[in-house]
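The structure appears below as structure tokens.
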Amino acid sequence: MLEWLVALCIVILVALIWPGSKYFSTENQTEALLQGGLRIPRRKTRETTAESTVSDRGEDGVQTGDDTATTVALICKPSALANYLLKHCRTFSNYSPCVGFTWRASAFLQTVYDACWPYNSPVQFVRDNLQLSDDGLVALDWAVALAGTSSYHKRRRTSSHSTCPVLLIIPNSFGKITRNVLKLCEAALSHGYLPVIFNRRSQNSTPLTTLKLQQFGDPGDLREAVRYIRYRQPAGRLYAVSESTGSGLLLSYLGECGSSSYVTAAACLSPVFRCQSWFESGPCWPLQRAVVLYQKMCLSRYRTVLGETITTDTLFSSCSLRGLEEALFCQTNPKGAAPVATSGGNSTNNSSSSAWEAYWERNEPLRDVDEVAIPVLSLCAQDDPVRGSIQSTLPLELFETNPHFFLLLTSHGGHCGFPTQTDSAAVGAVGLAGGVTGNPGTRWSHSALLEFFRATTDFFVAEERAKQLAARRRGFGGSAGARAFRHRSVSTCKRVPACSHNIHAIYNWQRSYTR
6 MLEWLVALCI
16 VILVALIWPG
26 SKYFSTENQT
36 EALLQGGLRI
46 PRRKTRETTA
56 ESTVSDRGED
66 GVQTGDDTAT
76 TVALICKPSA
86 LANYLLKHCR
96 TFSNYSPCVG
106 FTWRASAFLQ
116 TVYDACWPYN
126 SPVQFVRDNL
136 QLSDDGLVAL
146 DWAVALAGTS
156 SYHKRRRTSS
166 HSTCPVLLII
176 PNSFGKITRN
186 VLKLCEAALS
196 HGYLPVIFNR
206 RSQNSTPLTT
216 LKLQQFGDPG
226 DLREAVRYIR
236 YRQPAGRLYA
246 VSESTGSGLL
256 LSYLGECGSS
266 SYVTAAACLS
276 PVFRCQSWFE
286 SGPCWPLQRA
296 VVLYQKMCLS
306 RYRTVLGETI
316 TTDTLFSSCS
326 LRGLEEALFC
336 QTNPKGAAPV
346 ATSGGNSTNN
356 SSSSAWEAYW
366 ERNEPLRDVD
376 EVAIPVLSLC
386 AQDDPVRGSI
396 QSTLPLELFE
406 TNPHFFLLLT
416 SHGGHCGFPT
426 QTDSAAVGAV
436 GLAGGVTGNP
446 GTRWSHSALL
456 EFFRATTDFF
466 VAEERAKQLA
476 ARRRGFGGSA
486 GARAFRHRSV
496 STCKRVPACS
506 HNIHAIYNWQ
516 RSYTR
């Protein structure tokens, strides 16, 4: 309790002094940091084409001929999909961040508020505890309906025959369900999605049935969860969204699975890309200390059972994110093992360092980034107090060279916050008729990613239809070919062979339970 009081006092002190200078300093960095890629000026007319937006850029990547200040930049490799997004996704450029020296304009305060302040969400959840192949458990929380709506009393569980798209939400790696995640569930429900939150082992009241915890970038558990979701909802497309450090798990999964990921498109909200260096340096001291304390509180419930495999004294005496991660997964001399003979004072340190490097060789999110085969949108703010400086934490070269990755970079927005002037709906309307429109309480970032999903899906459907039409004009296939095209899937994921495992043996439906 004393540690929490001290941390709270320090957070308040830093919040009163630091955010002001941080806010004013980021304004001058906007044009200097956003170089290259495709730039979106604010409030461009609908008739402006993607080609003219690209061609009007100067040599330094800054839009010319427009006196309006640019607050959002789309950084990506020029492609047909990028041009389509520029033409149809008007929510991207209609972000009006909170300005002026108010608490909402402070990225630090907005981040603390979003992570810590309680929120009474109207979303009702139904939990599936999914038994994995090694007898471990992960939890899937299905957002079934908004309380008070007519659909809440009619539907307590999603139907396997539903064609509604599924939105898989991966929270941060520490298991904290934030206001951002709950509001994303509300926005997804209001736009016809079936949101489901993935909870790792032992997190968010998920029972820990094995001595194994999930490593930072190990996608094994997520892979089995995705197979279960596809089994439950075979007729609906699957989209994925990750928050903060949870993006490491999503990017690892997309990289390992490639075109067999079953995911149509994905988005990352305030992602952390270079995770090893982030764990080594960490965010500012008050935020890092708060995260470490929260993780210790969650793990203290399993202190006795974890003591069978790790040294819990080292774990609970750690004061940094790196120390906590090393104690959980990188102990070179686990409890019960024979002492390691040393020939010098640096042997232990060298062994610990090599274990740390080996851990991140297996868990770095971008290790298989070249294998990602679906569009991935990342939404980041320059004043993010958790991620760190843009120069050292954002791999801009990835977005400029890889056609599957798109970066929406804003001048303000904090960490998973993106507050607007009105504190209500997303400011802009979309360019497509019948597209995503902002509801009261919908954040700009949520409207942007939902519009991105809609636009990418429409783009690939149009591309598939154009290919079918071209093939018919060439006269290939005749009536048999027409039947084949008629039953062909328009999903961006190629068909893969059936799972070699016995799916019923893996998930064991009869013994799974819901609460």
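Under this note's numbering, read the sequence shown as residues 6 to 520, first letter to last. In this text, a Cβ means the ideal position worked out from N, Cα and C, and glycines have one as well.
Residue 326 beta carbon less than 8 Å from that of residue 296: yes
Coarse secondary structure for residue 209, derived from DSSP in three states: coil
Exposed unless 16 or more other CB atoms sit within 10 angstroms - verdict on residue 517: Model confidence at residue 517 stands at a pLDDT of 39, short of 50, so the residue's coordinates are unreliable and nothing is read from them.
Cut-off 8 Å between Cβ atoms - residues of its own chain near residue 404, not counting five sequence neighbours on either side: 42, 80, 81, 82, 383, 410, 411, 412
Backbone secondary structure at residue 147 - three-state DSSP: Three-state result, residue 147: strand.
Contact between the segment 276-289 and the segment 186-197 (3+ Cβ pairs under 8 Å): No, because fewer than three Cβ pairs between the segment 276-289 and the segment 186-197 fall closer than 8 Å, the two stretches do not touch.
The segment 386-397 in contact with the segment 362-372 per 3-pair CB rule at 8 Å: no
Residues bridged to residue 102 [DSSP beta-bridge criterion]: 425
Buried versus exposed, by CB contacts within 10 Å (16 or more), residue 149: buried
Best match in 205, 300, 231, 180 for proximity to residue 143 [C-alpha to C-alpha]: 205
Contact set for residue 216: own chain, Cβ-Cβ below 6 Å, skip 5 residues either direction: Around residue 216, the same chain offers 314 as residues with beta carbons nearer than 6 Å, after the five sequence neighbours per side are excluded.
Exposure label - residue 459; buried when at least 16 CB within 10 Å: buried
Per-residue burial, residue 474 [other beta carbons within 10 Å of its own, 16 or more giving buried]: Result: exposed.
Same chain, Cβ closer than 6 Å to residue 112, five either side skipped, listed in chain order: 388, 390, 419
Sheet register partners of residue 412 (DSSP bridge): 80, 383
Cutoff 6 Å; reference residue 250; Cβ partners in own chain excluding five residues on either side: 177, 178, 277
Assigned secondary structure, residue 88 (DSSP; H/G/I helix, E/B strand, else coil): helix
Range of the contiguous alpha helix (DSSP H) that encloses residue 395: Note, residue 395: alpha helix (DSSP H), 395-398.
Segment limits, beta strand (DSSP E) that includes residue 136: 128-136
Contact check, residue 300 vs residue 256, beta carbons under 8 Å: no
Backbone CA spacing between residue 293 and residue 117 [nearest angstrom]: 12 Å
CB-CB length for residue 254 against residue 227, believed under 8 Å: 6 Å
Cross-strand partners of residue 272 (DSSP beta bridge): 246, 382
Simplified DSSP assignment, three categories, for residue 502: With a pLDDT of 39 at residue 502, under the threshold of 50, the modelled position of this residue cannot be trusted; read the value that follows with caution. Coil at residue 502, not helix or strand.
Residues that residue 171 bridges to, as DSSP identifies them: By DSSP's assignment, residue 171 forms a beta bridge with 199, 243.
Nearest-angstrom Cα separation, counted from residue 231 out to residue 146: 13 Å
Within the segment 262-315, ranges of the beta strand (DSSP E) (whole runs, at least 3 residues): 270-274
Delimiting residues of the alpha helix (DSSP H) encompassing residue 121: Segment 112-121, the alpha helix (DSSP H) holding residue 121.
Counterpart residues of residue 142 in DSSP-defined beta bridges: 136
Residue environment, residue 246, which counts as buried when at least 16 other CB atoms sit within 10 Å: buried
Residue 204 - partner residues in DSSP beta bridges: DSSP lists 144 as partners of residue 204.
Length of the line joining the Cα atoms of residue 96 and residue 357: Cα to Cα, the separation comes out at about 47 Å.
Exposed unless 16 or more other CB atoms sit within 10 angstroms - verdict on residue 211: Burial state of residue 211 is buried, judged by a 10 Å Cβ sphere holding 16 or more other Cβ atoms.
For residue 325, the three-state DSSP class (helix, strand or coil): coil
Residue range of the alpha helix (DSSP H) that includes residue 234: It spans 225-237 - the alpha helix (DSSP H) in which residue 234 sits, taken as one unbroken run.
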